Amino acid sequence: MGSICILRYYLFFWFLVFFFLMAGFLLAEASPSFGFKNFDKNSKFLDSQIAFYGDAMIDGNGSFVKMTQSWNYSAGRVMYKIPIKQLERNGGRKASFGSYFSFSLSSENGDGLVFVMLPNGFSSGGYNGKLFGLSNELIEKKNRAFFAVEIDTKFDAELGDLNNNHIGINVGSLVSVKVSNASDVKLSLSSGKILQCWIDYEASSKRIEVRISKAGEKRPVYPLLSCPIDLSGMFKNEEVFIGLSSSNANSTQICKLYSWSFKLRQVPYWMHSHPLDPETVSKDAQPVMIQPKRDCALKVLTALILGTACGALGAYMVMFVWSIFFTKKPVAPEEYMVKPVMYDYNKVKALAVDKSDEACNNKA
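Under numbering that gives the first Met the number 0, the first residue of the sequence shown is numbered 0, with each subsequent residue one higher.
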């Protein structure tokens with residue numbers, strides 16, 4: 000009987016474990032992400048996730064991707080095949096992302112490298128060997144808006160470039176909305192040395208931040224370039240593709256890509272977060288819109304209910320484990336059980352004696 004009871008508790012315990020695992024699986028949303036520390040051309044995962052366009056090709060030993068070749072007007076692009084969304088259809092969730100890549104640019108006077116987010120249906124052809132290898136329809140503004148972070152090593156006065164060693168943010172045009180000089184952090188973008196770049200977008204605060212450093216150094220605390228931008232409002236319900244593109248124009252500049260990673264995470268519409276550089280927010284960020292109190296109260300009530308339920312279940316599980324392993328009484332084997340013994344009690348008659356008469360007899 001005792002073994003059946005323990006078995007029942009055991010099955011109930013694993014049912015709870017299974018329930019929580021399934022609940023977590025159903026509630027969790029899959030966030031598109033990938034990471035390539037090298038580009039082995041024999042990797043099936045690489046073939047299914049990454050597309051190469053133009054002159055981009057994997058080096059012989061798979062240690063890097065050669066984005067441009069050593070001839071004039073060479074252009075290449077690496078794109079992630081799976082599209083992403085910046086905003087859900089109901090507008091309830093926005094998408095933040097972070098991307099990291101390491102690269103090198105030779106010292107020739109080429110265009111450099113650009114991180115791009117292109118709308119679904121963009122043309123993968125039309126390379127003209129300049130302007131970062133983007134297609135003609137994007138350059139001529141015949142397509143929908145696009146977003147880019149340029150690592151520019153060529154001064155082009157027509158595009159309002161700062162110099163030949165800058166980083167810029169482009170929205171729907173190759174004319175940057177904001178630029179920063181890489182020389183401010185003592186970096187030469189076209190030195191031929193391996194550099195690493197971090198691009199982070201916070202959907203809740205509508206802000207993009209760009210950091211860059213030499214290979215082997217830690218991620219900088221402060222961004223080299225930051226800018227307020229609403230990518231969720233720009234792309235809305237559209238699917239977008241992310242990638243890296245490069246061209247060398249009238250030069251023989253070689254661009255190499257050594258690693259690339261990307262992480263997308265969903266942010267609830269009622270959640271607010273702060274960028275890593277508070278000073279820049281106070282200067283040019285738009286005021287934060289406060290959500291109605293009714294929505295906040297509902298969220299707090301939901302959190303309290305879930306917290307209470309989880310606490311009750313946790314307490315029950317502790318008591319359950321305690322009752323099984325710590326309060327179980329020892330059971331004596333049947334052959335050693337103590338048998339009851341019956342005792343016979345003799346009746347004892349008590350005579351009542353008058354103490355006063357006994358005292359008088361003693362005196363006499």
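From the three backbone atoms N, C-alpha and C, an ideal C-beta is built for every residue, glycine too.
Model, not experiment: these values are computed from the prediction.
Could you compute how far the alpha carbon of residue i sits from the alpha carbon of residue j?
i           : j           : result
residue 83  : residue 48  : 13 angstroms
residue 102 : residue 256 : 5 angstroms
residue 226 : residue 318 : 53 angstroms
residue 77  : residue 32  : 16 angstroms
residue 180 : residue 187 : 10 angstroms
residue 293 : residue 116 : Bear in mind that a pLDDT of 47 at residue 293, under 50, signals an unreliable position, so the number given afterwards is only what the model happens to contain. One C-alpha to the other measures close to 36 angstroms.
residue 60  : residue 39  : 7 angstroms
residue 233 : residue 204 : 15 angstroms
residue 98  : residue 261 : 4 angstroms
residue 165 : residue 157 : 15 angstroms
residue 307 : residue 207 : 38 angstroms
residue 161 : residue 96  : 27 angstroms
residue 281 : residue 201 : Confidence at residue 281 is low in this model, with a pLDDT of 33, below 50, so the placement of that residue should be treated as unreliable; the coordinate-derived value is given next. Between residue 281 and residue 201, the C-alpha separation is close to 16 angstroms.
residue 79  : residue 92  : 22 angstroms
residue 364 : residue 159 : The chain is shown only over 0 to 363; residue 364 falls outside these bounds and no answer can be derived.
residue 155 : residue 120 : 29 angstroms
residue 314 : residue 305 : 14 angstroms
residue 66  : residue 191 : 14 angstroms
residue 36  : residue 311 : 45 angstroms
residue 58  : residue 228 : 36 angstroms
residue 45  : residue 302 : 41 angstroms
residue 118 : residue 309 : 43 angstroms
residue 167 : residue 81  : 26 angstroms
residue 209 : residue 134 : 24 angstroms
residue 169 : residue 214 : 25 angstroms
Verify the CB distance criterion: does residue i have a CB-CB separation below 9 angstroms to chain C?
i           : result
residue 161 : Absent from the structure: chain C. Only one protein chain is present.
Which same chain residues end up closer than 6 angstroms to residue i when comparing Cβ atoms and leaving out the 5 residues on each side of it in sequence?
i           : result
residue 251 : 69, 107
residue 113 : 131, 147, 149, 244
residue 316 : none
residue 249 : 71
residue 182 : 164
residue 189 : 104, 106, 152
residue 144 : 171, 233
residue 27  : Low local confidence applies: a pLDDT of 40 at residue 27 is under 50, so the model's placement there is unreliable, and no value is given.
residue 85  : 94, 230, 231, 234
residue 254 : 66, 67, 104, 112, 245
residue 34  : 260
Cutting at 8 angstroms between CB atoms, please list the residues of its own chain near residue i, excluding the five before and the five after it.
i           : result
residue 184 : 211, 212, 219, 223
residue 128 : 71, 72, 73, 74, 246, 247, 248
residue 110 : 129, 130, 131, 132, 151, 152, 153, 245, 246, 247, 248, 252
residue 62  : 37, 38, 257
Along the chain, where does the alpha helix (DSSP H) containing residue i start, and where does it finish?
i           : result
residue 232 : 230-234
So the beta strand (DSSP E) residue i belongs to, where does it begin and stop?
i           : result
residue 200 : 194-201
residue 167 : 165-170
residue 227 : 224-227
residue 116 : 111-118
residue 61  : Segment: none, residue 61 is in no beta strand (DSSP E) and carries neither H nor E.
residue 34  : 32-35
residue 53  : 49-53
residue 158 : Segment: none, residue 158 is in no beta strand (DSSP E) and carries neither H nor E.
residue 79  : 74-79
residue 207 : 206-213
residue 151 : 146-151
residue 92  : 92-104
residue 365 : Within the shown structure, residues of the chain are numbered from 0 to 363, placing residue 365 beyond reach of any answer.
residue 180 : 177-180
Please report the Cβ distance between residue i and residue j, rounded to the nearest whole angstrom; I am assuming they are in contact, meaning their Cβ atoms lie under 8 angstroms.
i          : j          : result
residue 55 : residue 64 : 6 angstroms
**Prompt:** Any chance the stretch 209-218 sits against the stretch 230-242, with 3 or more Cβ pairs inside 8 angstroms?
**Reply:** With contact defined as three or more Cβ pairs closer than 8 angstroms, the stretch 209-218 and the stretch 230-242 are not in contact.
**Prompt:** Within the chosen definition, does the stretch 194-206 reach the stretch 167-175 through at least 3 CB pairs nearer than 8 angstroms?
**Reply:** Using a C-beta cut-off of 8 angstroms, the stretch 194-206 makes no contact with the stretch 167-175, since fewer than three inter-stretch Cβ pairs fall below that distance.
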